[in-house]
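Using UniProt numbering, the first residue of the sequence shown is number 1, and each one after it goes up by one. I have placed the structure first, in the form of structure tokens, so that the comments after it can refer back to it.
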Amino acid sequence: MLYCCISCNGQPPLGTDHLTLEKSIEMPEVSGRIDHLTINLKDNLVYVAALGSNTVEVVDLNRGKVIHSIKGLDEPQGVCYLPVQNELVVANGGNGNCMFYNAVTYATIATVHLGSDADNVRYDAGNKKIYVGYGSGGIAVIDAATHQQTANIPLPVHPESLQIDEKNKLLFVNLPDNNSVAVIDMPTAKVIHTWKIDSLKANFPMALDTAGNSVIIGYRNPPMLVSYNATTGKERSRTALIGDVDDVFYYEPKQEIFASGGDGAINIFKKASNSGFTRIANIPTRSGARTSLLIPSLQRFVVAERPSGGKYAALAVYKIND
1 MLYCCISCNG QPPLGTDHLT LEKSIEMPEV SGRIDHLTIN LKDNLVYVAA LGSNTVEVVD
61 LNRGKVIHSI KGLDEPQGVC YLPVQNELVV ANGGNGNCMF YNAVTYATIA TVHLGSDADN
121 VRYDAGNKKI YVGYGSGGIA VIDAATHQQT ANIPLPVHPE SLQIDEKNKL LFVNLPDNNS
181 VAVIDMPTAK VIHTWKIDSL KANFPMALDT AGNSVIIGYR NPPMLVSYNA TTGKERSRTA
241 LIGDVDDVFY YEPKQEIFAS GGDGAINIFK KASNSGFTRI ANIPTRSGAR TSLLIPSLQR
301 FVVAERPSGG KYAALAVYKI ND
């Protein structure tokens, strides 16, 4: 693909010195859409929900290759590695099953059936609870030790990104089907606030700046990165964003936001003194490469690239430069 001076999202490359493409790891058996990723830091393994192939690909970052493929899934969307248990959680959108796998043998340990459209997964390590968004409106709370569902949090529509504020014991949830954000008190498993956002639509990804008391949300219509006060829900700032965004991350060491969009770019934003963000990088990627993973301890940013233009699906592994 020839980028010349304009990337495939129609914007000129900017700030390409912020990231260095370290390697591209091919996933030859993957076809179609790729959903979310998670990291096993002990073994430097990335688990990739290959929704279009009905598999989870296990990618060794050190060896630069796929070392295993968990097959027979049904539209895997969310994945989460549990380090203490050394288990992998996979949420299937097709049959609604939340599967637990041994991360060494890949044997199935348990299955929790959630009805339909099991999606985003988050783990609260402090309380050993797993939160899974699913169906037409709900979050299942699952005990990581027993693999039993202990609670259900009803919501008006299907939840997308979930983010845990461990300090304040809150769970923030994007609800794009009614243009809102739900704030959940985790100890009681109840919704305590709902922020209605009528001027922006399709709020899929979210990140938290806990130290700055901010909730940062990526919108698709129009493409916009918006920061909110985490206590009041009041908007603090907004700035233009890459289109078809599906993941955003806050990188605390540099006070930066990383966002990946299917329109074909990584955007990086620098936090300003007024809690706003200024775009400092627009780095071209493959079209459709909208899911990603920030790995702060490794100073790496990983982008999942769908197969296109005769190229295999791949993980593009970037080093975050100092």
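Glycine residues also receive a C-beta, built at the ideal position from the N, C-alpha and C atoms.
Could you have a look at E29 and say whether DSSP puts it in helix, strand or coil?
-> In the structure shown, E29 sits in coil (DSSP, three-state: anything other than H, G, I, E or B).
At what residue ranges does the region 164–220 contain a whole run of the beta strand (DSSP E), taking only runs of 3 or more?
-> Runs of the beta strand (DSSP E) inside the region 164–220: 170–175, 180–185, 190–196 and 201–209.
If N54 and L73 are in contact, beta carbons under 8 Å, what's the gap, nearest whole angstrom?
-> Right, their Cβ atoms sit about 5 Å apart.
Which residue comes first and which comes last in the beta strand (DSSP E) that contains G310?
-> Taken as a continuous stretch (DSSP letters only), G310 belongs to no beta strand (DSSP E), as it is neither H nor E.
Where does the unbroken beta strand (DSSP E) through D17 begin, and where does it stop?
-> Element bounds for D17: n/a, residue is neither H nor E.
Backbone CA spacing between F269 and P223 [nearest angstrom] | A straight line joining the alpha-carbon of F269 with that of P223 spans about 14 Å.
Which residue from I139, H158 and P156 puts its Cα closest to that of Q149?
-> Looking at the Cα atoms, I139 is the closest of the given residues.
8 Å Cβ cutoff met for L114 and G93 = Taking 8 Å as the Cβ cut-off, L114 and G93 do not qualify as a contacting pair.
Candidates T232, E256, V248 and V226: closest to R238 by CA position = Its Cα nearest to that of R238, the residue V226 stands out among T232, E256, V248 and V226.
Buried or exposed: where does T231 fall if 16 or more other Cβ atoms within 10 Å of its Cβ makes it buried?
-> Under this definition T231 is an exposed residue.
Taking C-beta to C-beta, are G78 and V132 nearer than 8 Å?
-> Yes, the Cβ-Cβ distance between G78 and V132 is below 8 Å.
With a Cβ-Cβ cutoff of 8 Å, do K319 and L14 count as a contact?
-> One thing to note: K319 has its Cβ no nearer than 8 Å to the Cβ of L14.
Are the Cβ atoms of D60 and L45 separated by less than 8 Å?
-> Their beta carbons are under 8 Å apart, which means D60 touches L45 by this criterion.
Among the residues of its own chain, which have a CB less than 6 Å from the CB of S260, if the five just before and after it don't count?
-> Only D247, I266, R290, S292 and V303 meet the Cβ criterion.
On the premise that H158 lies in contact with D177, defined as a C-beta separation below 8 Å, what is that separation, rounded to the nearest angstrom?
-> In this structure D177 touches H158 by the C-beta definition: roughly 6 Å separates them, less than 8 Å.
Length of the line joining the Cα atoms of N174 and Y101 | So the alpha carbons of these two residues sit roughly 27 Å apart.
CB of I39 within 8 Å of CB of V56, strictly | For the 8 Å CB-CB criterion, I39 and V56 do not form a contact.
For the region 241–271, list the beta strand (DSSP E) runs that are entirely contained and at least 3 residues long, ordered along the chain.
-> If only complete runs of 3 or more residues are kept, the region 241–271 shows the beta strand (DSSP E) at 245–251, 256–261 and 265–271, in order along the chain.
With DSSP run on the structure shown, which of helix, strand or coil describes S237?
-> In the three-state reduction of the DSSP assignment, S237 falls in the strand class, which pools E and B.
Member of M186, I109, L155 and H68 whose CA lies at the smallest distance from the CA of G122 = Correcting the residue identity first, residue 122 is Arg in this sequence and not Gly. That would be M186, whose Cα lies nearest to the Cα of R122.
Tell me, please, which residues DSSP counts as bridged to N102.
-> E87.
What does DSSP give as the partner residues of E160 in its beta bridges?
-> Answer is none; E160 lacks a bridge partner.
Which residue from N274, D43 and D198 puts its Cα closest to that of N213?
-> Nearest neighbour of N213 by Cα position, chosen from N274, D43 and D198, turns out to be N274.
Between the Cα of L41 and those of G310, D209 and L294, spot the shortest distance and give me the residue it belongs to.
-> Minimum Cα distance to L41 is reached at L294.
Identify whether G52 lies in helix, strand or coil by the three-state DSSP scheme.
-> Of the three classes helix, strand and coil, the one that applies to G52 here is helix, per DSSP.
Looking only at DSSP bridge pairs, what is E57 linked to?
-> By DSSP's assignment, E57 forms a beta bridge with V48 and S69.
Where P154 sits in the DSSP three-state scheme | It is a strand residue.
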